[in-house]
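Worksheet: one structure, shown below.
Numbering (this note's numbering), first residue to last: 4 to 375.
Okay, here's the thing in structure tokens:
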């Protein structure tokens, strides 16, 4: 079976994890501090990085550290993993959805501006599948309206925007290191920022609100969660980080081959490319209805031929949780089309060209037959 993704775990990763297990220090410690410093150096831009147990935790902590809460509205794309909106609710604020580009799956400043209201306090742009959002117009818009920009770069570690690494802007940017991401710490995430006050507050929020004095005694002045990353995961991440640029080059090579070798067909829409893309995923839209079939039948068709496909993602505003805010089918046509037609093709550094050709051949077979 060719899976839609698979982490690359080699001897260096196994040895790093074993060393931590043998050390006796498994929770947050020197490995976490080491990976935070190495990520800051990799991202550059003078940022400080703090690790979390997930990108979801990092996003939630970022909103809380910025003072976003009840009565505030946060603009989010209608097409993303649901965590992008869920963290807004966790902070006590209200998500306001905007549509995305059909091929890019990213929001833009024009759509964000149209959604602004008196209570708009923040926007969470998502660099979908590793393609950078056009950030300069968004920064300018946010500056005019005194809004926080909290970047969801869960899928974009190693992505570049106009030659600069995503995360190096100085505003808060969150990353994910889940096993399906471009590098992994098993579970884990990070927030990068150049705001020293925000970093100090993040440190409290991620671990019970605790601060320590010079004698090591603790004090708690505000709420904090349990969002810290363990040293076992950080050790794995430290072994992965030096390989990340190579992983991303291979992803880009495979994405280019997909774009070259997938059959041209009016029912098949390929994702947008772009400079600096880190190609976390390769998501297409397939109009299964136009082929006289269903997406479920297409997935089963590929499964029967040894190929696993993913679905990333349903449109967020149509989940029951968000329908209660009044959202309905038809509100965001691009997000809804993506949500009903999306298929994620296999893409991971260990994937061979022969496996990619297998995927393309099954697509050609499916399209030539007019359906599953």
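The beta carbon of each residue, even a glycine, is placed where N, CA and C say it ideally should be.
What separation, rounded to the nearest whole angstrom, lies between the Cα atoms of residue i and residue j?
i           : j           : result
residue 305 : residue 102 : 30 Å
residue 359 : residue 348 : 9 Å
residue 251 : residue 185 : 7 Å
residue 178 : residue 318 : 21 Å
residue 302 : residue 311 : 8 Å
residue 96  : residue 88  : 10 Å
residue 169 : residue 335 : 27 Å
residue 357 : residue 257 : 11 Å
residue 143 : residue 118 : 16 Å
residue 147 : residue 141 : 10 Å
residue 134 : residue 210 : 32 Å
residue 249 : residue 39  : 20 Å
residue 11  : residue 352 : 7 Å
residue 14  : residue 24  : 15 Å
residue 79  : residue 337 : 14 Å
residue 299 : residue 371 : 18 Å
residue 152 : residue 116 : 13 Å
residue 270 : residue 104 : 18 Å
residue 174 : residue 309 : 43 Å
residue 84  : residue 90  : 11 Å
residue 339 : residue 149 : 30 Å
residue 86  : residue 92  : 10 Å
residue 66  : residue 114 : 21 Å
residue 35  : residue 327 : 40 Å
Hey, residue i and residue j are a contact pair by Cβ (cut 8 Å); roughly how many whole angstroms apart?
i           : j           : result
residue 275 : residue 106 : 4 Å
residue 70  : residue 197 : Contact flag wrong, Cβ pair sits at about 18 Å.
residue 332 : residue 321 : 6 Å
residue 288 : residue 208 : Going by Cβ atoms, the distance from residue 288 to residue 208 rounds to 38 Å, so no, they are not a contact pair.
residue 201 : residue 68  : 5 Å
residue 41  : residue 247 : Actually they do not touch by this definition, with Cβ atoms about 11 Å apart.
residue 282 : residue 171 : At roughly 20 Å, the Cβ-Cβ gap does not stay under 8 Å, so residue 282 and residue 171 are not in contact.
residue 157 : residue 58  : 4 Å
residue 316 : residue 100 : 13 Å between Cβ atoms; not a contact.
residue 8   : residue 350 : 7 Å
residue 123 : residue 154 : That belief does not hold up - the Cβ atoms of residue 123 and residue 154 are roughly 17 Å apart, past 8 Å.
residue 145 : residue 266 : Not really, about 42 Å apart at Cβ, beyond 8 Å.
residue 74  : residue 94  : At roughly 11 Å, the Cβ-Cβ gap does not stay under 8 Å, so residue 74 and residue 94 are not in contact.
Let me check one thing: in DSSP terms, what residues is residue i bridge-paired to?
i           : result
residue 193 : 54, 178
residue 340 : Bridge partners of residue 340: none, in fact.
residue 210 : 229
residue 100 : 79
residue 155 : 129, 177
residue 345 : 288
residue 164 : 167
residue 223 : 213
Rank the options by C-alpha distance to the C-alpha of residue i and give the top, closest one.
i           : options            : result
residue 166 : 137, 180, 149, 144 : 137
residue 376 : 153, 56, 85        : Nothing can be reported for residue 376, as the shown portion of the chain is limited to 4 through 375.
residue 273 : 345, 212, 92       : 345
residue 45  : 241, 260, 13       : 241
residue 203 : 279, 51, 160, 111  : 51
residue 160 : 284, 368, 228      : 284
residue 277 : 219, 124, 83, 109  : 109
residue 6   : 368, 163, 313, 114 : 313
residue 255 : 265, 120, 280, 26  : 280
residue 232 : 4, 54, 47, 361     : 54
Original post:
Below 8 Å, can you find three or more Cβ-Cβ pairs linking the stretch 231-251 to the stretch 184-200?
Top reply: Judged by pairs of C-beta atoms under 8 Å, the stretch 231-251 touches the stretch 184-200, as three or more such pairs exist.
Subject >> Cβ contact (3+ pairs, closer than 8 Å) linking the stretch 56-67 and the stretch 191-201 >> reply: yes
Original post:
Hey, is the stretch 15-22 in contact with the stretch 221-229, meaning 3+ C-beta pairs nearer than 8 Å?
Top reply: They do not touch, by the three-pair rule.
**OP:** State whether the stretch 121-130 contacts the stretch 290-299, with contact taken as three or more CB pairs (one from each stretch) at a distance under 8 Å.
**Re:** no
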